[in-house]
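Asks:
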Amino acid sequence: MKKFDKDRLILGFAGPVLALVVALVLTTVVLLASGQNPFEPYRIMFESASYADVQVLIINQAGTYYLAALAVAVGFRMNLFNIGVDGQYRLAAMMAALVGASVDLPGPLHIALIVIVAMLVGAFWSGIAGFLKTTRGVSEVVSTIMLNSIATALVAWMILPKNFGEQPPGSNNLTTGEIPESGWFPGLPMGDMAGEIYGFTFVAAGCGVLYWFVLNRTRFGFDLRATGASETAAQASGVDAKKMILTSMLISGAVAGLAGMPTLLGDTHTYSLDFPTGIGFTGITIALLGRNNPLGIALSALLIAFLDKSSASLDQYGYEKEIATIMQGLIVISVVVSYELVRRYGIRRQQQKVGEELAAGHALTTEKEAAL
Amino acid sequence: MSGQGECVINASSSPPAVELHGITKRFPGVVANHDIDITIGKGTVHALVGENGAGKSTLMKILYGMQKPDEGTIAIDGEQVSFANPGDAIERGIGMVHQHFMLADNFTVLENVVLGGEKLYGIGSGARKKIMEISDAYGLGIRPDALVEDLGVADRQRVEILKVLYRGARILILDEPTAVLVPQEVDALFANLRELKAEGLTVIFISHKLGEVLSVADEITVIRRGTTVGTADPANTTTKQLAELMVGSELPSPETRESTVTDVPMLRVQGLELTVTDPDGTVRDVLAGIDFTIHQGEVLGIAGVEGNGQTELIEALMGMRDPDAGVITLGSDDISHAPTRKRRESGIGYIPEDRHRHGVLLNAPLWENRILGHVTEKPNSRGWLLDNKAARTDTERIVREYDVRTPGIDVTAASLSGGNQQKLIVGREMSHAPKFLIAAHPTRGVDVGAQAQIWDQIREARREGLAVLLISADLDELIGLSDTLRVMYRGRLVADADPATITPEELGSAMTGAAAGHLEGSEDEAR
Amino acid sequence: MSASKTIAARPAPKKGKDRRKLSLPVVLLIIAGGLALVSLVRVISGANDITSVGQVRGALALAVPIGLAGLGGLWAERAGVINIGLEGMMILGTWFGAWAGFQWGPWVGVLFGVLGGCLGGLLHAIITVTFGVNHIVSGVAINILAVGVTRYLSNFAFDGVQGGSSKQSPRIDPIDRITVPGLSDWMQDLQQQHWFLISDLAGIIGGLVTGLSLLTVVALLLVPATWWILWRTPFGLRLRSCGESPVAAETLGVNVYKYKYIAVTVSGGLAGLGGAFLAIVSTGIYQEGQTGGRGYIGLAAMIFGNWMPGGMALGAGLFGFTDSLKLRGGAENVHAMLLLLAILLVIAVFWQLYKKKYVSAAIAAAVSALLFTWYFLTDQVPSQFVDAAPYVTTLLVLSLSAQRLRMPKANGVPYRKGEGK
Amino acid sequence: GENSSDSGSGSGGDKAAIAYDIGGRGDQSFNDAAYAGLAKAEKDLDISGSEAEPSDGEGDADKVQRLTELARSGNNPVIGVGFAYAPAIKKVAPKFPKTTFGIIDDASVTGDNIANIVFNEEQGSYLAGVAAAKVTKSKTVGFIGGVETPLIKKFEAGFVQGVKDTDASVNVLPQYLTQPPDFGGFSKPDLGKAAAQGQLDKKADVIYSAAGLAGSGAIEAVSKAGKWNIGVDSDQYKQKGLAAYKESILTSVTKDVEDAVFNLIKSVQDGKPETGEIRYGLDKDGVGLSMSNPAFTKMTDVIEAVDKAKQEIIDGKITVKTAP
Ligand SMILES: Nc1ncnc2c1ncn2[C@@H]1O[C@H](COP(=O)(O)OP(=O)(O)OP(=O)(O)O)[C@@H](O)[C@H]1O
Ligand SMILES: Nc1ncnc2c1ncn2[C@@H]1O[C@H](COP(=O)(O)OP(=O)(O)OP(=O)(O)O)[C@@H](O)[C@H]1O
Ligand SMILES: [Mg+2]
Ligand SMILES: [Mg+2]
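Chains as they are written, first to last, in the numbering used here: chain W, -7 to 364; chain Z, 28 to 554; chain C, -5 to 415; chain A, 5 to 328.
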């Protein structure tokens, strides 16, 4: 096996690189076909990404995406498709903001309280789907889609001034009230114009490490992966599959609950009608693109955040910024297709090698035994 | 031989039904077939034997157009052919019953049969009529509108055969058709085969049960490590010789030599009841009044046609189902409602009947499969953390000691042949010094060499005081290995027998419900 | 003592045969019972709109796009390909439908909508079938791509055209609508009598024969047509076999790739038709963001309906019905539904008691009591909760009904020719 | 398409920019009106304008970045269209003290270089209510709001009050299409259609829809039923996309974002930048009822009542509520 390692490394890189090239070529074709300058948009995007403030924006956004994608990935690892991350993080952020705004505690405690509330709410919301799946067999795909919309309604109701929200004087917005400064998560200042990197971005990175550690180094993680790989085999091995489904749904929801925290604790300090939406769905893309692997997810989150932010100013230069969306779709497709092609190519190569060796007179068994 | 090529068929010297010449097929890391030559005469039953992974199924898939050979030629009735897909092979009158059922569970028998052959008799009443016609002609007893998932294995096997006959195949490939059948069913199948042969059909037959092979085949080809190593004439070959040809060693026997049964009870089951509720609300008993005790050093064999509650019994013992009544005692602990993990930790080993569903994670590497089921035990973990390094080292030991044929411990379980997967499972379960072992079909689909190893391991552990519950469809194995035999029928233990005196035929008839009570005079059941 | 001397005459441990099918009379009975209950609630609450002709018409109009997406999902998943890209294919349908529709008339629009959807389906087929990529990844990517492409193209195709903008197409001529002359009026009158059951029935029939767009008729017919094609023709048998056991199909000479391609392309076409319906019939224009997640809802309706056309239609109908209910004076209508729910739960209580499941019975009773209290203490439901009605209803129906969902066995499982066991 | 470029095309060299709200240019309402103001300024004041669109579901940080970039490249004023820009402007404005920041529909953030452009939507809606109450024969009128936000509730509040003050026996049916942050209620015309149909079935014969593009569905349904529509934001009688239904559009409640934007740009160019709250009400014709449908202007008693109410609001005799 050892001797294939270098090849494997090359092949491992060949995939993504091939994919990016193909995606760029296709995007260029689209630009050409619509009669636009095929290179200028890239230049604008890279130039825009060279500004410190855009870089900070990219990193902050990637942190948020990373958490959402981790939440999705926990589910995927169990063969659960949590489409509900979106509803979970919105509801969690809203409740956490409410609680955060209504108490005044010393700094770390205040932040901890907010974060814990967010995790609990997220877990509660996904837990409904988990509960329905384990007790009533309701597909989590359906229930989480429904719960997303129900979360929207619930948030809309709770944020009404007559319930828990407030309408700042002179504003047409509704908010949950501002969290006192003790509940703000300090960020890393990057200079006057650039703004600061949310402190929670580092927490997100920590979550990635934790995710890796739990999945690969703990008994629980093994059980979780086993259940995802084969529910029946896991059950026979002593895993309580139902409990596992519920647990991983709860974890997924708790992590989803964190997805709103970078923004809430680092920037807005309140939940309002214009709190970012749709992050849960982007999280699905990123988790899939990163193949549920913590490092892969991190790279994907950065990539998608880069495309998002660096394309934001395209329209000011007369280019349609939808081109970045097209590019995103093309990248996702070509990356996964190339993974597959590279995998098959690897297999063919291996096959060839074995054939050659055989032709050279080595018996199959020696090949096998040598590998031991 | 291929020089015979050009396709003029003389009535006088009719060409062989199938000629395979120089077939080579490579898979990643494995050469499944290497320069294989086989000629099969018309109207004969030709058996193919060989170890697990010898390349039998691959060869047949090539003949059936499912896989393309890397090299070599195929001639049917003297005419050279090249099949792009099974459709082409079917058109040439080839039919194949696969080693694993090729049935859509959620389809009716009728749908499964007509699929792909809709042009023959339509998909409605015409087809139903034809199916009944064939079913009656061969006594298959097929119900066209039954859902396949509701059928037992024997019925499924018959559906598979009917699928082939429905298409009017002249050349039948049967890949291990008897692995899941009881003797009576095997006899019925063989009767059918002889009938088919009399009608001029050619049958290619694969089996690990050499006795069967000798009884039904006209000619035998032995394959070893992907290539033909010889042919045998069943009339003057013994199973022993055949086995030697296959593996270069003696035919193993499951015979238990000396009794090691002690009178220390290891597992005691009293009044076990299990019911299931169907989606429509009806409650059925699947296990009723199950009582038995297994002592240290004892192998209790349970005979029975599949689907009579064996699976449920195993699952109740493993804690995968919660019994409605009854007590299960392991040693001195009541484990009736203990979770599976606790049972495994307290010393129950489990060789599942369906290894792909319950035994391995197909897409996980071998060393992770070694952890499966014993994640809380040493050497796999320390406290809450996994000990991957120790697990890997121990996997290497298992691979060595249990002769698992694999290029390494990082390959996925799926890339091992079934027999080797089984050896890994046995090795894993034995590595935790079980007090009580559930062995369900421990050698199903496993070649003779591996069979012997597995039997040896069970015997050895038994000598050291292991209690074993053995469930098997292979009655020779059951009789040979067990100290005590019980027969399960419709969720109850209806009969018991002494393995020393009972014959497979007698046991077989008890399994169909024809006999009950104690099957032989001598009452030496250890209770 | 253990070995009994007689063979117990217990039912065979094999599974029963008749457990799957609800016979037609039973289904009709359930529907009639449901209708009677709704009617009762209507009479008690006075929310006469819940079975009015307009309500049923509205429900139908809102259900059709969801149903078409669901039908699309059904085709793909019956052939073993998960299609989470329905949303994207629907978006393509709205865009292409409107683009061709405003220039060459609505029917050409419908055709292009279908073709647009097919394009998405074909792409999904190439990625999943030929390249063997994870179906969900591919679907998600198609959703992104469809959004990007349509928005991008709008800048060139609609911006600057009379009545259009970069977000919206010019108006498309409407498709003819049919009303069954005498029947429609008669039903309308009957419905307005507000009689128990009769008026409700009249409302439903009236809703189905009044101002029906021809495309709605087509969409409705597609449900039985799908059933017939998939369950009564050799083509359908082969297609479904690819979703249940592609390897078995392969061994019988079925070209699995071909059927998967066809199925997924048709799937896209149906979702595209749903999009075209939205653009041409529901609204008369393309509007960015118009599909608004209906592809996902369609997917949910399909799972709700157990991968069967009838069940899927029922699911889509449920969404359409509750959606329409909430849009047509939700506060009052949905308030009436509280009562319905409470009564349903009472029935559930008795059922659970009969089944001796006391805990579930107690829970159901408690929730029911809560609902009754809520109903009698208020006369409106906050509009925010009204909005959630379709989703809550679906969740409730799913969790209260016995779950025997069964997806095609090989759905989502990658398949490569010649690699089967 | 090709719109403004980065380099100033006007000889004047002054630059102004608007940053759009969700929907962006082409929404045929709010954002388009703002664009019209910019375009007018480009033409009349010889300035060069820039536009920037938001992406779906973005956060404050993106808006901060967008405004910063627009300000940094020398645009003055920089106008955020929509209340969602409030937190961003609060952060950016102090960093560019020489640049004027305009924000539409928000008066909560204040600063020396911030101009808060707000409208008395409720006043225009009040007049619509008066007209509706006068015109209805069935004594039932409908209100359709796109998304249930405080802003749209202002429309509802004014309308209901106008109806009730005119004829207390008239019943108002309010209906919202979606809840925030699901802004589909502004972009799904079929929802508007279903809601309008429901109100028509309940005998409503005048329906006021404040639902952005979803309103076109309502207008279609109402027009087919031969009843009256009241449009919103711009004069929908003149809107090309709705030409087929114009006869049924009795009037529209207008909100003059165009002039508001233009005025702000002009004030900056004139060297006297507007700052603080700039309120556009009936008095300044910032909101009002359109009078382009001859069928409406012919209803003299209705017009009379509307004019009277308008005067009373301007005179402060009537105060219109901003929340129902
Ligand atoms: N599709 C495949 N991909 C990779 N390897 C394969 C594939 N099919 C078979 N093999 C390998 O080829 C070898 C021969 O397998 P084959 O199934 O022909 O054995 P067999 O003689 O039928 O064994 P058994 O008696 O267990 O059925 C095995 O090592 C097997 O692992
Ligand atoms: N696509 C594949 N890639 C890798 N290995 C494969 C593939 N398909 C089949 N195999 C392996 O090749 C072997 C050939 O299949 P086959 O079913 O003949 O094996 P087997 O030894 O008879 O297994 P069993 O005893 O479980 O029936 C199996 O072990 C299977 O796991
Ligand atoms: Mg085989
Ligand atoms: Mg085998």
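Idealized CB from N, CA, C, for every residue including glycine.
Remember, predicted model here, so these are calculated numbers, not experimental data.
Quick check: the Cα distance between Z/LEU174 and Z/MET129, rounded to an integer number of angstroms?
Replies: 14 Å
Asks: Can you check whether the C-beta of Z/GLY99 is within less than 8 Å of a C-beta belonging to chain C?
Replies: no
Asks: Check each residue of the stretch 356 to 384 of chain C: if its Cβ is closer than 7 Å to any Cβ of chain W, include it; give the result in chain order.
Replies: Listed in sequence order: PRO376, GLN378, PHE379, ASP381 and ALA382.
Asks: Buried or exposed for W/PHE205, please, with buried defined as at least 16 other CB atoms from any protein chain shown within 10 angstroms of its CB.
Replies: exposed
Asks: Of the choices W/ASN285, W/ILE278, W/VAL77 and W/GLY288, whose alpha-carbon is the least far from that of W/ASP300?
Replies: W/ILE278
Asks: If we count Cβ pairs, one from each stretch, closer than 8 Å, do we get three or more for the stretch 25 to 35 of chain A versus the stretch 107 to 124 of chain C?
Replies: no
Asks: Along chain C, in chain order, which residues have C-beta atoms closer than 8 Å to that of W/MET138?
Replies: ALA294, TYR385, VAL386, THR388 and LEU389
Asks: Going along chain W in order, which residues have a C-beta closer than 8 Å to the C-beta of A/THR323?
Replies: Near A/THR323 there are no residues of chain W at all, since even the closest Cβ is about 17 Å away, more than 8 Å.
Asks: Cβ closer than 8 Å: which chain W residues qualify as neighbours of Z/TYR165?
Replies: Those do not exist, as Z/TYR165 stays about 35 Å from chain W at its closest Cβ, beyond 8 Å.
Asks: Z/LEU47 and Z/ILE63 - do their beta-carbons sit closer together than 8 Å?
Replies: yes
Asks: Counting only beta-carbon separations shorter than 8 Å, does C/ALA330 have a partner in chain A?
Replies: no
Asks: Beta carbon of Z/PHE54: closer than 7 Å to some heavy atom of ligand 1?
Replies: yes
Asks: Cβ-heavy atom distance between Z/GLY92 and ligand 1 below 7 Å?
Replies: no
Asks: Just by C-beta distance, which residues in the stretch 65 to 85 of chain W are closer than 7 Å to chain D?
Replies: This model lacks chain D altogether, as its protein chains are W, Z, C and A.
Asks: So is W/ASP215 in contact with chain Z if we call contact Cβ pairs under 8 Å?
Replies: yes
Asks: Let me make sure I understand the geometry here. Which of Z/THR51, Z/GLY105 and Z/ASP510 has the alpha-carbon closest to that of Z/ASP97?
Replies: Z/THR51
Asks: For A/LYS99 and W/GLY92, I'd like the C-alpha separation in whole angstroms.
Replies: 29 Å
Asks: Nearest to A/TYR39 by CA position, among C/GLU81, C/SER159, C/LEU65 and C/ARG51, is which residue?
Replies: Comparing Cα positions, the closest option is C/SER159.
Asks: Given a cut-off of 8 Å on the beta-carbon distance, is the pair A/ILE148 and A/ALA229 in contact?
Replies: no
Asks: Does the count of Cβ pairs from the stretch 160 to 168 of chain Z and the stretch 100 to 109 of chain Z closer than 8 Å reach three?
Replies: With a cut-off of 8 Å, the stretch 100 to 109 of chain Z and the stretch 160 to 168 of chain Z do not count as touching, because too few Cβ pairs lie within range.
Asks: Short of 7 Å in beta carbon distance, which residues of its chain neighbour C/GLY287, apart from the five on each side in sequence? Order them along the chain.
Replies: Within the same chain, and ignoring the five residues on either side of C/GLY287 in sequence, the residues whose Cβ sits closer than 7 Å to its Cβ are GLU81.
Asks: At least one CB of chain Z closer than 8 Å to the CB of C/GLU71: is that the case?
Replies: no
Asks: So, is the C-beta of W/SER42 closer than 8 Å to a C-beta in chain A?
Replies: W/SER42 does not count as touching chain A.
Asks: Ligand 1 and Z/THR85: does the residue's C-beta get closer than 7 Å to at least one heavy atom of that ligand?
Replies: yes
Asks: Please report the residue range of the alpha helix (DSSP H) in which C/PHE229 lies.
Replies: 228 to 238 is the extent of the alpha helix (DSSP H) around C/PHE229.
Asks: With a threshold of 7 Å, establish whether the CB of C/GLY263 neighbours any heavy atom of ligand 1.
Replies: Every heavy atom of ligand 1 is 7 Å or more from the Cβ of C/GLY263, so no.
Asks: Just confirm the distance between the C-beta atoms of A/VAL68 and A/ALA92, as a whole number of angstroms; I'd bet it's less than 8 Å.
Replies: Contact between A/VAL68 and A/ALA92 holds, since their C-beta atoms are separated by about 5 Å, short of 8 Å.
Asks: Give the range of the alpha helix (DSSP H) segment to which Z/GLU325 is assigned.
Replies: Segment: none, Z/GLU325 is in no alpha helix (DSSP H) and carries neither H nor E.
Asks: What I want to know is whether the C-beta of Z/ASP474 ends up closer than 7 Å to one or more non-hydrogen atoms of ligand 1.
Replies: Within 7 Å of the C-beta of Z/ASP474 there is at least one heavy atom belonging to ligand 1.
Asks: On the three-state DSSP scale, how would you describe Z/GLY238?
Replies: Annotated three-state conformation of Z/GLY238 is helix, per DSSP.
Asks: Using a cut-off of 7 Å between C-beta atoms, extract the partners of W/ALA145 located in chain A.
Replies: GLN183
Asks: Using a Cβ-Cβ cut-off of 8 Å, state whether C/GLY305 counts as contacting chain W.
Replies: Taking Cβ atoms only, chain W never reaches closer than 8 Å to C/GLY305, which makes this a no.
Asks: Roughly how many angstroms separate the alpha carbons of C/SER395 and Z/ARG384, rounded to a whole number?
Replies: Going from the Cα of C/SER395 to the Cα of Z/ARG384 covers about 29 Å.
Asks: Taking only heavy atoms of ligand 1 into account, decide whether any of them is closer than 7 Å to the Cβ of Z/ASN79.
Replies: yes
Asks: If you pair each beta-carbon of the stretch 317 to 325 of chain Z with each one of the stretch 526 to 544 of chain Z, do three or more pairs fall below 8 Å?
Replies: The stretch 317 to 325 of chain Z, when compared against the stretch 526 to 544 of chain Z, does not touch it at the 8 Å Cβ threshold.
Asks: Short of 8 Å Cβ to Cβ, which residues in the stretch 320 to 349 of chain C face chain A?
Replies: LEU321, ARG322, GLY323 and GLY324
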